[in-house]
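What follows is one structure encoded as structure tokens, with my remarks underneath.
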Amino acid sequence: MFIDIHTHIAQYKQEEIDNIINRWRLSNIITVVSTGTTVEDSIISIELAKKYPDILSGIGLHPSDIKDTWKSDLVSIEKLVDENVVMISEIGLDYMPDSPLKKIQIEVFEAQIEIAIKYKKPIVIHIREAFEDTYKILKKFNGRLPIGAVHYFDGNYKEAKLMVDLGLYISFAKTLIRKDYLKDVAVNLSLENIVLETDSYPQYFKKNRSRWTEPKDVSMVADELARIKKIDIKDVSYSTLKNSYNLLGVKD
Ligand SMILES: [Zn+2]
Numbered sequence: 009m010f011i012d013i014h015t016h017i018a019q020y021k022q023e024e025i026d027n028i029i030n031r032w033r034l035s036n037i038i039t040v041v042s043t044g045t046t047v048e049d050s051i052i053s054i055e056l057a058k059k060y061p062d063i064l065s066g067i068g069l070h071p072s073d074i075k076d077t078w079k080s081d082l083v084s085i086e087k088l089v090d091e092n093v094v095m096i097s098e099i100g101l102d103y104m105p106d107s108p109l110k111k112i113q114i115e116v117f118e119a120q121i122e123i124a125i126k127y128k129k130p131i132v133i134h135i136r137e138a139f140e141d142t143y144k145i146l147k148k149f150n151g152r153l154p155i156g157a158v159h160y161f162d163g164n165y166k167e168a169k170l171m172v173d174l175g176l177y178i179s180f181a182k183t184l185i186r187k188d189y190l191k192d193v194a195v196n197l198s199l200e201n202i203v204l205e206t207d208s209y210p211q212y213f214k215k216n217r218s219r220w221t222e223p224k225d226v227s228m229v230a231d232e233l234a235r236i237k238k239i240d241i242k243d244v245s246y247s248t249l250k251n252s253y254n255l256l257g258v259k260d
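Under my numbering, think of the first position of the sequence shown as 9, with each following residue one higher.
Following this line, the structure appears as structure tokens:
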């Protein structure tokens, strides 16, 4: 059994969602977090979580999706927080050339960490080309920083360790299967610090629909982790479930 801590199920067409859910249920995936990137799909995530017992909802403003309305969007995100919301996700910094202004990204990121602290929710963090600034911000919150995970981890062991030392989990996706430097991180990290995800979203650029990543594929990430750490898949299941429950604030 596995939990997928980070997906974008809310972005699929409604008529596809039931099939995707059936496929993950057949693959022993017991819980999937639907993550928001805007106010609109945060609302859809909450609705999905109310409708399906194995979906939990995260809400947040993704750094790449920040709009001119970000100030009022932050107010809307805070209003959406209630017992149906399990995490503030996904939030963070994205320094690609066409990303929103860094100054605004930092303000939105910090404001959402404050929301997480105020409502005692975990955070799931997106980092792209922005490790240093992200680390600096998280470090500032040290002592007050909520539990959380660095999603789609794509750094080196030193960076992973800095995040772990802040009390965060490292979340691996399917990139673990093809990137050697990530295998190196995973081999050196304790299982106690690892959670799993797929970051699934509709991949229209892939012509062959069966090749789209879906939450059912989180078991492929788990298999790879067992293989490279030379441990039993049952141990990967046990630890990642325990860590995910801890992250989600659910007693197992
Ligand atoms: Zn994502």
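Just so it is clear, CB atoms sit at the ideal spot from N, CA and C, and this is done for glycine as well.
Practice item. Would you kindly work out how many angstroms separate the C-alpha atoms of residue 129 and residue 75, rounded to a whole number? Key: Within the sequence shown, residue 129 is the residue found at index 121, counting from 1. Within the sequence shown, residue 75 is the residue found at index 67, counting from 1. In a straight line, the C-alpha of residue 129 is about 24 Å away from that of residue 75.
Practice item. Could you tell me which residues DSSP pairs with residue 28 in its beta bridges? Key: Within the sequence shown, the letter at position 20 stands for residue 28. Per DSSP, none; premise fails for residue 28.
Check your understanding: Can you tell me whether residue 239 is buried or exposed, with buried defined as 16 or more other CB within 10 angstroms of its CB?
Key -> Indexing the sequence shown from 1 puts residue 239 at position 231. Result: exposed.
**Study point:** DSSP bridge partner residues for residue 156 (one or two, in chain order)
**Key:** The residue given as residue 156 occupies position 148 in the sequence shown. According to DSSP, residue 156 bridges with 131, 176.
Check your understanding: What span of residues does the alpha helix (DSSP H) with residue 55 cover, start to end?
Key -> Numbered from its first residue, the sequence shown carries residue 55 at position 47. Here the alpha helix (DSSP H) through residue 55 covers 47-59.
Review point. What did DSSP end up calling residue 102 once you bin it into helix, strand or coil?
Key: Your numbering for residue 102 matches position 94 in the sequence shown. Here residue 102 sits in strand by DSSP.
**Study point:** Distance between residue 49 and residue 207 (C-alpha atoms, nearest Å)
**Key:** Working through the sequence shown from its first residue, we reach residue 207 at position 199. Working through the sequence shown from its first residue, we reach residue 49 at position 41. Distance between the alpha carbons of residue 207 and residue 49: 15 Å.
**Study point:** Where residue 89 sits in the DSSP three-state scheme
**Key:** If you number the sequence shown from 1, residue 89 lands on position 81. In this structure, residue 89 counts as coil in the three-state DSSP scheme.
Check your understanding: Which term fits residue 40, buried or exposed, when burial requires 16 or more other beta carbons within 10 angstroms of its beta carbon?
Key -> Indexing the sequence shown from 1 puts residue 40 at position 32. Residue 40 is buried by the Cβ-count criterion.
Exercise for review: Could you have a look at residue 81 and say whether DSSP puts it in helix, strand or coil?
Suggested key: Within the sequence shown, the letter at position 73 stands for residue 81. Reduced to three states, the DSSP call for residue 81 is helix.
Review point. Can you tell me whether DSSP reads residue 197 as helix, strand or coil?
Key: Sequence index remark: in the sequence shown, residue 197 carries index 189 (1-based). Residue state, collapsed to three classes: coil.
Exercise for review: Express the C-alpha separation of residue 204 and residue 51 in angstroms, rounding to a whole number.
Suggested key: For this step, residue 51 is matched to residue 43 along the sequence shown. For this step, residue 204 is matched to residue 196 along the sequence shown. Using only the alpha carbons, I get a separation of about 24 Å.
Exercise for review: Whole angstroms is fine: what's the gap from residue 251's alpha carbon to residue 12's?
Suggested key: To locate residue 251, count along the sequence shown from 1; it is residue 243. To locate residue 12, count along the sequence shown from 1; it is residue 4. Cα to Cα, the separation comes out at about 12 Å.
Point to revise | Outcome for residue 224 when other beta-carbon atoms lying within 10 angstroms are tallied against a minimum of 16 | key: On the sequence shown, residue 224 is found 216 positions in, with the first residue counted as 1. Looking at its Cβ environment, which holds 16 or more other Cβ atoms inside 10 Å, residue 224 is buried.
Practice item. Tell me whether residue 42 is buried or exposed, calling it buried when 16 or more other Cβ atoms sit within 10 Å of its Cβ. Key: To locate residue 42, count along the sequence shown from 1; it is residue 34. When all chains shown are included, residue 42 counts as buried.
Exercise for review: Could you tell me whether the region 115-128 touches the region 176-192, using the rule of 3 or more Cβ pairs below 8 Å?
Suggested key: no
Check your understanding: So which of 65, 211, 228, 77 has the shortest CA-CA distance to residue 90?
Key -> Residue 90 sits at position 82 when you count from the first residue of the sequence shown. Among 65, 211, 228, 77, the Cα nearest to that of residue 90 is on 65.
Review point. Exposed or buried, residue 154, counting other C-beta atoms within 10 Å across all chains shown (16 or more means buried)?
Key: Taking the first residue of the sequence shown as position 1, residue 154 is located at position 146. Buried is the call here.
Review point. Are residue 164 and residue 143 closer than 8 Å when you measure CB to CB?
Key: For the purposes of this step, residue 164 is taken as residue 156 along the sequence shown, with counting starting at 1. For the purposes of this step, residue 143 is taken as residue 135 along the sequence shown, with counting starting at 1. Not a contact, by the Cβ cut-off of 8 Å.
Exercise for review: Throw me the rounded Cβ distance for the residue 96 and residue 124 pair, which I believe falls under 8 Å.
Suggested key: As a working note, residue 96 is residue 88 in the sequence shown. As a working note, residue 124 is residue 116 in the sequence shown. With a Cβ gap of about 4 Å, residue 96 and residue 124 count as contacting.
**Study point:** Proximity test, residue 207 beta-carbon vs ligand 1 heavy atom, cut-off 7 Å
**Key:** Reading the sequence shown from its first residue, position 199 is the one you call residue 207. Correct: residue 207 has its Cβ closer than 7 Å to ligand 1.
Point to revise | CB of residue 133 within 8 Å of CB of residue 78, strictly | key: Taking the sequence shown and counting its residues from 1, one reaches residue 133 at position 125. Taking the sequence shown and counting its residues from 1, one reaches residue 78 at position 70. No, Cβ-Cβ distance for residue 133 and residue 78 is not below 8 Å.
Exercise for review: Assign residue 139 to one of three DSSP states: helix, strand, or coil.
Suggested key: Your numbering for residue 139 matches position 131 in the sequence shown. Reduced to three states, the DSSP call for residue 139 is helix.
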